[in-house]
Each structure stands twice: as structure tokens, then as C-alpha cells.
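*Asks:* The listed protein sequences correspond, in order, to chains W and R. Take the first sequence: its position 300, counting from 1, is numbered 300 in my numbering, and each next residue is one higher. Take the second sequence: its position 257, counting from 1, is numbered 257 in my numbering, and each next residue is one higher.
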Amino acid sequence: MPETLLDVVGLRVRFGGAVEAVRGISFTVERGETHCLVGESGCGKSVTALAVMDLLARGATRTAERLSYAGTNLLSLGERGMARLRGDRIAMIFQEPMTSLNPAYTIGSQMAEILTRHRRVSRAAALDRAGDLLARVGITAPGMRLAQYPHQLSGGLRQRVMIAMALMCEPDLLIADEPTTALDVTVQAQILRLLRTLQSELGLAMLLITHDLGVVAHVAQRVSVMYAGEIVETAPVGELFRAPTHPYTAGLLACVPVPGSVRRDEPLGSIPGTVPRLASGFRGCAFRDRCAHAMAACAEAAPEHLAGEAHRYLCQLPPDWIRDRAA
Amino acid sequence: MIRTLATLLGAVIVLGTLIVAICAPLLAPHDPFVQDLSLRMVPPAWMEGGTTAHLLGTDQLGRDYLSRLIAGARISMLIGIATVMLSGAIGTTLGVLGGYFGGWVDDVVMFVITCRLAIPVILVALSVVSLLGSSLTLVVMTLGLLLWDRFAVVARTTAMQVRTLDYIAAARAAGCSRAYILVREVLPNIRHHLVVVATLEMALAILLEAALSFLGLGVPAPLPSWGLMISEAKDYMYFTPWVIMVPGVALFVLVLGINLLGDGLRDRLGAARDA
Chain W
1 MPETLLDVVG LRVRFGGAVE AVRGISFTVE RGETHCLVGE SGCGKSVTAL AVMDLLARGA
61 TRTAERLSYA GTNLLSLGER GMARLRGDRI AMIFQEPMTS LNPAYTIGSQ MAEILTRHRR
121 VSRAAALDRA GDLLARVGIT APGMRLAQYP HQLSGGLRQR VMIAMALMCE PDLLIADEPT
181 TALDVTVQAQ ILRLLRTLQS ELGLAMLLIT HDLGVVAHVA QRVSVMYAGE IVETAPVGEL
241 FRAPTHPYTA GLLACVPVPG SVRRDEPLGS IPGTVPRLAS GFRGCAFRDR CAHAMAACAE
301 AAPEHLAGEA HRYLCQLPPD WIRDRAA
Chain R
1 MIRTLATLLG AVIVLGTLIV AICAPLLAPH DPFVQDLSLR MVPPAWMEGG TTAHLLGTDQ
61 LGRDYLSRLI AGARISMLIG IATVMLSGAI GTTLGVLGGY FGGWVDDVVM FVITCRLAIP
121 VILVALSVVS LLGSSLTLVV MTLGLLLWDR FAVVARTTAM QVRTLDYIAA ARAAGCSRAY
181 ILVREVLPNI RHHLVVVATL EMALAILLEA ALSFLGLGVP APLPSWGLMI SEAKDYMYFT
241 PWVIMVPGVA LFVLVLGINL LGDGLRDRLG AARDA
């Protein structure tokens, strides 16, 4: 039985009382596992990551029934306790490598800072470790890079530096918010491969946030699909791609063109409509206006169904609706 | 090219004045306080009746004008630098706090800035100095406590921009405290803006000191401030115009140099960041 590292139950995030960006989601990240949060822009996936880290902007309020990290209750930890955890046990990397490094300091001093902040080590020892990690994430001539400033590095290099920096304290959990979105496609593949290697070699758990199903297929073990602030479906990655059960997931996967199987004159798949803006107090399924299978019951909160052992989804439709339709 | 030359010229003027100010006692050919009534109003060396013993001539009390100018450079630079340090500390602290934390902190900071802007600098400086008597420390304190508004405004807006950048979020995600983020992450990234403000404020402080001294409320005589020299010379300017031109030109050149340097620094530092 793997140990549950991050345990989130009923997480809600409100902005100024009027808009609810995250509407009671629950998920876990096991030790050594990669859990992907997928969804389109504005579905609340980045807000979820920030809420876990307690880094939400002013005006946002976070509530949860349970939010614990390795048995520690994060809800009652306070700013000081969170600061001790951040960067040490839970590290985070951001979408935009071009601006995530402080332009005023060298790579080496920024990396060493993380370690000396959380551990009793000398600066020289911290710089040594920084150099080792730079080599580890595939940066050649790490000694030279340590002395360079962020503007001397390319986007892909900076994201590698960010990853190395996140690993300084050997965290158990890495939260990566769209780590490859801002990079070129070829660099994206390199970074994904790197993340996967590091994850398996270091036994790192990852909460990976993305809108890119290709990324999900590459690195995830478990996937949660978010729509309008809710997790509408959670499943092991193979099962999700093989048998998507929530109509939104099915629709999303139908939108991904598969080279070779899409005919030239065939239109690409799409989901009609747009995401509704959700005020707090919204009831029922948020997808019902765009859903081909909507029924009267969809105005009520959708029940959670099990489509497999670890495969849950939120919908009025029974688990075998797709098979029934096909039959 | 012209901009580079202008910056260079500004740097040379400021550095030169600074060196003169620091080495004043070594450079001055005479004691700037010693009077010699037999040698009053000797014109500069290049004019008719001038001597090489007094390159810039002497004033109405027979004191060597070059020595007084050099000693005055010390006063001007001291006032400029000390005022900027004081006002910079006040303004930057307020501005960074307001810009970074926002919310009610920012409201308070904005209110304080607005209140400060409602205070007429010259009038308050004049009344304070005339109430408490003139002294170098008082001039610096008064100007320093009055001239921080531009620091505060610039620090506030730049801190607001920096606050939203990812590396601040990254620093928070790495477990840095607020104080650490303010001092080590925000401040280094707005310092190039503040340097430019500092040059402007330094020029302003030097001019204000000259103005106060001219009105007889700045640095007390016989300290040789440039403003005081201009003030003392104004009675003689119709007959011996060089007595007012020498300190006037010195003041003009120094303030011009500081502003040229500030412009150049802004261009240079701005370009380095956009690269």
C-alpha cells in the first residue's frame, strides 16, 4: 500500500466571495506517483496548486475539509510552518521560466540560497550540490552556468535550472504548473523526459498541472480531469485514455488529432459552447449546457460513479453508458 | 554616441567634484577662512589686475575665492549625498512596503505621500531653519525629511510590478520570508530606478541648499557654501561680475553633471534589463 503524501478533501477557493474557482475537489498524490491535473484555461487547476501551497493572491479564500501533507495538517500550519515546508518538502516550478528566476542574482547564488535557507550547510557545500544538480538535469559545464545570470540562459536551460533548484532539498513532492507550456516543442519533450527520469530515479511524487493531453500521456500515472472548478473524472492514465467515461473527458479526447488516423478534409473535434462563469451557489453539473447527453436530472448535483477500481467520475450517466450506446 | 559622451561628461563632473570635495583641505591653495583686507576683490588671474597667487581672485573680505569654492564643493556634495541617503531610506521603505503589500498598507502609504505633496518644501524649509537656527545638520534633516516623495512613488510603482513576477512567487514557493523577499528579491530589482531618482534628488537638494543659503537661512557663514557665496556676491555683481559668476557656474556645472549622469544611468540600466 503506497503512502499518501498529499491528501486533499473538499478543497474550495473563492475570489472575493462572488466567484468560486475551485468547487470542492478531492484528490491524493501517493509517494512516488505522478498525478496530472488536466483541464482548459480557467478551470481552476493552477489555483488548486497555489491553494495547496497557500500562495493564493490577496482576496482569495481557501477552505477544505482536509488538506494534509504526509500526515501534517496544512490548514492549521500557519505562514511560518508553510514557509518551512515550501522549497524543502514541497517544491514548485512555474510555467514561465523566463521570469521565474531573479534577474539580479547568479544561478548559483539562487540555488545555494534554497539549501542554506532550509539546511545547516555552508555556502560552498550548497554551491557544490547546485553544480551536481545542474549536471543531473543535463546542463553541460555546470560550473560556468552557476556563475551566470538568468538573462544569459535560454528558456529550456532556465526551466532545467528551475527543476534543479526545486530538487535542492530533495523534496518528496514537486508541484509543476504547466512546466513545458512556454517552451519549444523539442525542448518540451526533453523536459518531460527529464521529469520522468528524475521522478523514477528519485522516487519523487509529482502533481503536474497541464492542459496538454500529450504531456499527460507521457508522464502521468493518474489523471484528474478538471472542469469549471471540479474534478469530473479521475482514473489511471491508461484507463482514462482507453475508456473516458465523463462526457467532457470523452469530448476532450475526441479533440486530439491523431496523426495518421485523421483524414485531411475531416474537421477537428471540438466541444460546443464555452465554460460558464460560476458564481458561488451554482448547482448541478457545470457541463450540462455543452453536453450532448444532458437530461433534466443534470440540474441537480451529479453523483459520483465508479467506472473501475480507481476510476471515478461525476455524472448522472451510469458507468456503462458508452457501451450501451455502442450496442 | 552623443548620449554616451554626455553620460561620460556627467560622470567626470560628478566624480571630479566628489574627489575635490573629499580632498578639499589638500587641494585648496589657501585657508578659505583667512581674511586679508588688504587684498579685497582681487580679480581672477586671467583678468586685468589678477595674480597667480589667487587664481580665482578674492572676495570682499580678501579670502581666496578658489579655496572657498573648493571648500563649498564639500558642503554641496555633503548636503546632496546626505539628503539623498536620508530621503532615499524613507521613501524607498514606504514605497516598497506599499507597493509590495498593497491593500490597506498601500492606502496608508499613498495617504502619507499625498500629505507630503501638500507641503510646500521651500516654505517649510525656510520656516524650520528660521525657527531653529541654521546649521548644516538641520538643512540636511529638513531636506531629507521633505524630499522623499519621488523615491516613494517610484519605489511603490516598481515594487508593484516586481511583485507580480514569477520569481517572487518562486521565492515564496521556496519558503522565503516576507522580509527576505522585500530586501533580497524586490529591492535589487528596483534599484536601477532608484539610482536615477537619487541623481535627480541630489541635484534638487544641492539647488535647494543654495537657495536657502542665498536667502541667508541655509548653511551659516562663514562656512563657504556656493549659495552663500552667490548671496554675498550679489551686492557687488554690478561692479565685479565674476564674484557671482564663479560660484554660479560651479553650481550650474555640478547640477548639469548630476543630471547628465542620471539620464545616462537610466538609459544604460534600462537597456541592460530589456536585453
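Cβ atoms here follow ideal geometry from the backbone N, Cα and C, with glycine treated the same way. None of the values given here were measured: they were computed from a predicted structure.
Determine the DSSP secondary structure at residue 10 of chain W, reduced to helix, strand or coil.
*Replies:* Residue numbering aside, residue 10 of chain W sits at position 10 when the first sequence is read from its first letter. In the structure shown, residue 10 of chain W sits in a strand (DSSP, three-state: E or B).
*Asks:* Determine the closest residue to residue 45 of chain R out of R:232, R:65 and R:197, with distance taken between C-alpha atoms.
*Replies:* The sequence position of residue 45 of chain R within the second sequence is 45, counting from 1. Closest by alpha carbon: R:65.
*Asks:* In this structure, does DSSP put residue 313 of chain W in helix, strand or coil?
*Replies:* The residue given as residue 313 of chain W occupies position 313 in the first sequence. Residue 313 of chain W falls in the strand class under three-state DSSP.
*Asks:* Within the same chain, show all residues whose beta-carbon is closer than 7 Å to that of residue 3 of chain W, passing over the 5 residues directly before and after it, in chain order.
*Replies:* On the first sequence, residue 3 of chain W is found 3 positions in, with the first residue counted as 1. Leaving aside the five residues that flank residue 3 of chain W on each side, the residues in its chain whose CB is nearer than 7 Å to its CB run, in chain order, 30 and 31.
*Asks:* Looking at the unbroken alpha helix (DSSP H) that takes in residue 187 of chain W, where does it start and where does it end?
*Replies:* On the first sequence, position 187 is the one that residue 187 of chain W refers to. Its alpha helix (DSSP H) spans residues 185 to 202.
*Asks:* So the candidates are W:282, W:85 and W:62; which of them puts its Cα closest to the Cα of residue 171 of chain R?
*Replies:* As a working mapping, residue 171 of chain R is identified with position 171 in the second sequence. Minimum Cα distance to residue 171 of chain R is reached at W:85.
*Asks:* How far does the alpha helix (DSSP H) with residue 198 of chain R in it extend, from its first residue to its last?
*Replies:* What you label residue 198 of chain R is simply residue 198 of the second sequence in a count that begins at 1. Note, residue 198 of chain R: alpha helix (DSSP H), 187 to 214.
*Asks:* Anything in chain R within Cβ reach of residue 55 of chain W, meaning under 7 Å, just list it in chain order.
*Replies:* Translated into the one-based positions of the first sequence, residue 55 of chain W becomes position 55. Those within 7 Å of residue 55 of chain W in chain R are 169, 172 and 173.
*Asks:* If we cut at 8 Å on Cβ distances, does residue 166 of chain R have a partner in chain W?
*Replies:* To locate residue 166 of chain R, count along the second sequence from 1; it is residue 166. Closer than 8 Å to some Cβ of chain W, the Cβ of residue 166 of chain R qualifies, so yes.
*Asks:* So, at 8 Å on beta carbons, what are the nonlocal neighbours of residue 9 of chain R in its own chain, with the 5 sequence-adjacent residues on each side left out?
*Replies:* Position 9 of the second sequence, counted from the first residue, corresponds to residue 9 of chain R. So the qualifying residues of the chain are 257 and 260.
*Asks:* List the residues that DSSP assigns as beta-bridge partners of residue 73 of chain W.
*Replies:* Taking the first residue of the first sequence as position 1, residue 73 of chain W is located at position 73. Per DSSP, W:68.
*Asks:* Counting only beta-carbon atoms, is residue 117 of chain W nearer than 8 Å to chain R?
*Replies:* In the first sequence, the residue the question calls residue 117 of chain W occupies position 117. Yes, contact with chain R.
*Asks:* Can you name the residues of chain R whose CB is closer than 8 Å to the CB of residue 86 of chain W?
*Replies:* For the purposes of this step, residue 86 of chain W is taken as residue 86 along the first sequence, with counting starting at 1. Under the 8 Å cutoff, chain R gives 172, 173, 174 and 175.
*Asks:* Mapping the DSSP letters down to three states, classify residue 166 of chain W as helix, strand or coil.
*Replies:* Looking up residue 166 of chain W in the first sequence gives position 166. DSSP places residue 166 of chain W in helix when its eight states are reduced to three.
*Asks:* Taking three-plus beta-carbon pairs below 8 Å as touching, is the region 165 to 182 of chain R in contact with the region 85 to 97 of chain W?
*Replies:* Taking a contact to require three or more Cβ pairs closer than 8 Å, the region 165 to 182 of chain R and the region 85 to 97 of chain W qualify as touching.
*Asks:* Given that residue 104 of chain W touches chain R, what residues does it touch there, using C-beta distances under 7 Å?
*Replies:* As a first step, residue 104 of chain W is located in the first sequence; it is residue number 104 there, counting from the start. Under the 7 Å cutoff, chain R gives 188 and 189.
*Asks:* Under 6 Å Cβ to Cβ from residue 167 of chain W, same chain only, skipping five residues before and after it: list those, please.
*Replies:* Within the first sequence, the letter at position 167 stands for residue 167 of chain W. Result list for residue 167 of chain W: 133, in chain order.
*Asks:* In whole angstroms, give me the CA-to-CA distance for residue 265 of chain R and residue 7 of chain R.
*Replies:* Position 265 of the second sequence, counted from the start, is the residue given in the question as residue 265 of chain R. Position 7 of the second sequence, counted from the start, is the residue given in the question as residue 7 of chain R. The straight-line gap from Cα to Cα measures roughly 8 Å.
*Asks:* Kindly give me the distance between the Cβ atoms of residue 213 of chain W and residue 252 of chain W, rounded to whole angstroms, as I take these residues to be in contact under 8 Å.
*Replies:* Looking up residue 213 of chain W in the first sequence gives position 213. Looking up residue 252 of chain W in the first sequence gives position 252. The beta carbons of residue 213 of chain W and residue 252 of chain W sit about 7 Å from each other, so the pair counts as a contact at 8 Å.
*Asks:* Decide if residue 144 of chain W is buried, meaning its Cβ has at least 16 other Cβ atoms within 10 Å, or exposed.
*Replies:* If you number the first sequence from 1, residue 144 of chain W lands on position 144. Looking at its Cβ environment, which holds fewer than 16 other Cβ atoms inside 10 Å, residue 144 of chain W is exposed.
*Asks:* I'd like to know whether the C-beta of residue 102 of chain R is nearer than 8 Å to at least one C-beta of chain W.
*Replies:* Numbered from its first residue, the second sequence carries residue 102 of chain R at position 102. For residue 102 of chain R, at least one C-beta of chain W is nearer than 8 Å to its own C-beta.
*Asks:* I need the DSSP call for residue 121 of chain R, collapsed to helix, strand or coil.
*Replies:* In the second sequence, counting from the first residue as 1, residue 121 of chain R sits at position 121. Judged by DSSP in its simplified three-state form, residue 121 of chain R adopts helix.
*Asks:* Starting from residue 19 of chain W, follow the beta strand (DSSP E) in both directions and report where the run begins and ends.
*Replies:* Numbered from its first residue, the first sequence carries residue 19 of chain W at position 19. From DSSP, the beta strand (DSSP E) with residue 19 of chain W extends over 19 to 30.
*Asks:* Is residue 92 of chain W close to chain R, meaning its C-beta is less than 8 Å from at least one C-beta of that chain?
*Replies:* Against the first sequence, residue 92 of chain W aligns to sequence position 92. With 8 Å as the cut-off, residue 92 of chain W counts as an interface residue toward chain R.
*Asks:* Excluding sequence positions up to five away, which residues of its chain have a Cβ less than 6 Å from the Cβ of residue 314 of chain W?
*Replies:* Here the question's residue 314 of chain W lines up with position 314 in the first sequence. For residue 314 of chain W, where only same-chain residues beyond five positions count, the Cβ hits under 6 Å are 232, 302 and 304.
*Asks:* Between which two residues does the alpha helix (DSSP H) carrying residue 30 of chain R extend?
*Replies:* Translated into positions along the second sequence, residue 30 of chain R becomes position 30. Run containing residue 30 of chain R: none; DSSP gives neither H nor E here.
*Asks:* For residue 300 of chain W, does the count of other Cβ atoms within 10 angstroms reach 16, so buried, or fall short, so exposed?
*Replies:* On the first sequence, residue 300 of chain W is found 300 positions in, with the first residue counted as 1. By the beta-carbon neighbour count (other beta carbons within 10 angstroms, threshold 16), residue 300 of chain W is exposed.
*Asks:* Checking 8 Å against the spacing of the C-beta atoms, do residue 41 of chain W and residue 177 of chain W come in under that value?
*Replies:* Translated into positions along the first sequence, residue 41 of chain W becomes position 41. Translated into positions along the first sequence, residue 177 of chain W becomes position 177. Not in contact: residue 41 of chain W and residue 177 of chain W (Cβ atoms no closer than 8 Å).
*Asks:* So, does the region 137 to 157 of chain W touch the region 102 to 120 of chain W, judging by three or more C-beta pairs under 8 Å?
*Replies:* yes
*Asks:* Does the Cβ-Cβ distance between residue 254 of chain R and residue 17 of chain R come in under 8 Å?
*Replies:* To locate residue 254 of chain R, count along the second sequence from 1; it is residue 254. To locate residue 17 of chain R, count along the second sequence from 1; it is residue 17. Yes, the Cβ-Cβ distance between residue 254 of chain R and residue 17 of chain R is below 8 Å.
*Asks:* Just the chain W side, please: which residues come within less than 7 Å of residue 185 of chain R by C-beta, in chain order?
*Replies:* Walking along the second sequence from the start, residue 185 of chain R turns up at place 185. Neighbours of residue 185 of chain R on chain W, chain order: 102.
*Asks:* Check whether the Cβ atoms of residue 205 of chain R and residue 51 of chain R sit closer than 8 Å, and answer yes or no.
*Replies:* Stepping through the second sequence from its first residue, residue 205 of chain R is reached at position 205. Stepping through the second sequence from its first residue, residue 51 of chain R is reached at position 51. Their beta carbons are not under 8 Å apart, which means residue 205 of chain R does not touch residue 51 of chain R by this criterion.
*Asks:* Could you check how far apart the C-beta atoms of residue 258 of chain W and residue 237 of chain W are, in whole angstroms? I think they sit under 8 Å.
*Replies:* Against the first sequence, residue 258 of chain W aligns to sequence position 258. Against the first sequence, residue 237 of chain W aligns to sequence position 237. That belief does not hold up - the Cβ atoms of residue 258 of chain W and residue 237 of chain W are roughly 17 Å apart, past 8 Å.
*Asks:* Restricting to Cα atoms, I'd like to know which of W:205, W:39 and W:35 is closest to residue 21 of chain W.
*Replies:* One-based indexing of the first sequence puts residue 21 of chain W at position 21. Selected option, being the one with the closest Cα: W:39.
*Asks:* Assuming residue 267 of chain W is part of the beta strand (DSSP E), what are its boundary residues?
*Replies:* Locating residue 267 of chain W in the first sequence gives position 267, where the first residue counts as 1. Where residue 267 of chain W is concerned, there is no enclosing beta strand (DSSP E), because DSSP gives it neither an H nor an E.
*Asks:* Skipping 5 residues on each side, what residues in its chain have a beta carbon closer than 6 Å to that of residue 187 of chain W?
*Replies:* Here residue 187 of chain W is taken as the residue at index 187 of the first sequence, counted from 1. Result list for residue 187 of chain W: 156, in chain order.
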